[in-house]
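A quick write-up on the structure given underneath.
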Amino acid sequence: MTLPTAPALPNPIDLWQSTLQWQPDTTTQAQFQRLYEAILAGNQRMNLTRITEPLDFWEKHLWDSLRGLFSPILQPVLAQRASQAITVADLGTGGGFPGLPGAIAFPEWQWLLMDSTRKKIQFVAEAIAELELGNVQTACDRAEQFVRRPGPKPNFHLVTLRAVGAADLCASYALPMLAPRGVAILYRGRWSAEEEASLQEPLSHWGAEILGVDAFKTPITGGDRHCIYLQKID
Numbered sequence: 017m018t019l020p021t022a023p024a025l026p027n028p029i030d031l032w033q034s035t036l037q038w039q040p041d042t043t044t045q046a047q048f049q050r051l052y053e054a055i056l057a058g059n060q061r062m063n064l065t066r067i068t069e070p071l072d073f074w075e076k077h078l079w080d081s082l083r084g085l086f087s088p089i090l091q092p093v094l095a096q097r098a099s100q101a102i103t104v105a106d107l108g109t110g111g112g113f114p115g116l117p118g119a120i121a122f123p124e125w126q127w128l129l130m131d132s133t134r135k136k137i138q139f140v141a142e143a144i145a146e147l148e149l150g151n152v153q154t155a156c157d158r159a160e161q162f163v164r165r166p167g168p169k170p171n172f173h174l175v176t177l178r179a180v181g182a183a184d185l186c187a188s189y190a191l192p193m194l195a196p197r198g199v200a201i202l203y204r205g206r207w208s209a210e211e212e213a214s215l216q217e218p219l220s221h222w223g224a225e226i227l228g229v230d231a232f233k234t235p236i237t238g239g240d241r242h243c244i245y246l247q248k249i250d
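The sequence shown lines up with residues 17 to 250 when you count with my numbering.
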């Protein structure tokens, strides 16, 4: 992959700290920059994202991807698994969000990035090689078919879905992929009582419950965001 000359991404340490109580070290920031350059290069071949300005990319792709993983709702679950190697499936990853920022920020976790569009998964695989991420694998597949494949059943600690579809559909994709007490994270914009009600059928079917709903705003433009946390019951 030939990477274009790209402007430098911002690294607003005060915003990282005030919103996530975390900040990237020098190595992590350099990988974020390389990811940004890879996205710009990939955009020349296919439509990965319209969000390409440095500050927009930081807020709407990097920060937004990581905010769901640093939520106070999720932290007790992660603390209970502190001695385990966390496994994560990112369904409908598209250009690699939230999976690639997550894999950079959490190199100790093992990630599977899945999308049914072959050219997008090929791009993600190229980006993984460019970034030298040894903790990420890819699959060109659909979640509903993946769970039916021969072999061991999916048993992920976390499943993420961002901009994939209706909430109940996302839940029906994610919940069969989870280990007992595993958590699905649905990344949403606005959130309604009707959407929450629509989750009841897949939650009942797959033996899960709503762990929490985290409402917040993006730190620069103030966009409404919600992350919905669904936990599979033992």
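C-beta atoms are modelled at their ideal positions from N, C-alpha and C, and glycine is treated no differently.
For residue i, the residue or residues it bridges with in DSSP
i, result
"residue 180", "BP columns for residue 180 are empty, so no partner."
"residue 245", "201 and 228"
"residue 154", "129"
"residue 64", "For residue 64, which the question treats as bridged, DSSP gives no partner whatsoever."
"residue 169", "Answer by DSSP bridge pairing: none, since residue 169 is not bridged."
"residue 240", "233"
"residue 174", "104 and 199"
Range of the contiguous alpha helix (DSSP H) that encloses residue i
i, result
"residue 92", "91-96"
"residue 23", "Counting along the chain, residue 23 falls outside any alpha helix (DSSP H), and DSSP gives it neither H nor E."
"residue 213", "209-214"
"residue 86", "Run containing residue 86: none; DSSP gives neither H nor E here."
"residue 43", "42-59"
"residue 36", "29-36"
Backbone CA spacing between residue i and residue j [nearest angstrom]
i, j, result
"residue 155", "residue 122", "20 Å"
"residue 124", "residue 86", "15 Å"
"residue 196", "residue 224", "9 Å"
"residue 249", "residue 141", "33 Å"
"residue 220", "residue 230", "21 Å"
"residue 46", "residue 107", "26 Å"
"residue 111", "residue 78", "12 Å"
"residue 94", "residue 54", "30 Å"
"residue 228", "residue 174", "15 Å"
"residue 211", "residue 114", "22 Å"
"residue 158", "residue 132", "5 Å"
"residue 238", "residue 64", "23 Å"
For residue i, the first and last residue of its enclosing beta strand (DSSP E)
i, result
"residue 75", "It is not in any beta strand (DSSP E) - residue 75 carries neither H nor E in the DSSP assignment."
"residue 200", "194-204"
"residue 107", "103-107"
Three-state class that DSSP yields for residue i in the structure shown
i, result
"residue 219", "helix"
"residue 135", "helix"
"residue 122", "coil"
"residue 163", "coil"
"residue 147", "helix"
"residue 99", "coil"
"residue 110", "coil"
Nearest-angstrom beta carbon gap, residue j and residue i [assumed within contact, 8 Å]
i, j, result
"residue 251", "residue 72", "Any answer about residue 251 is impossible in this case: the structure gives the chain only from 17 up to 250."
"residue 203", "residue 164", "About 25 Å; that fails the 8 Å criterion."
"residue 103", "residue 172", "5 Å"
"residue 109", "residue 129", "4 Å"
"residue 191", "residue 200", "6 Å"
"residue 252", "residue 143", "Because the chain in this structure spans residues 17 to 250, residue 252 falls outside the shown range and cannot be described."
"residue 36", "residue 83", "7 Å"
"residue 187", "residue 151", "Rounded, the Cβ-Cβ distance is 26 Å, inconsistent with contact."
Check: residue i C-beta below 8 Å from any heavy atom of the ligand ADP
i, result
"residue 81", "Among the components of this structure there are no ligands whatsoever, and the ligand ADP is therefore not found."
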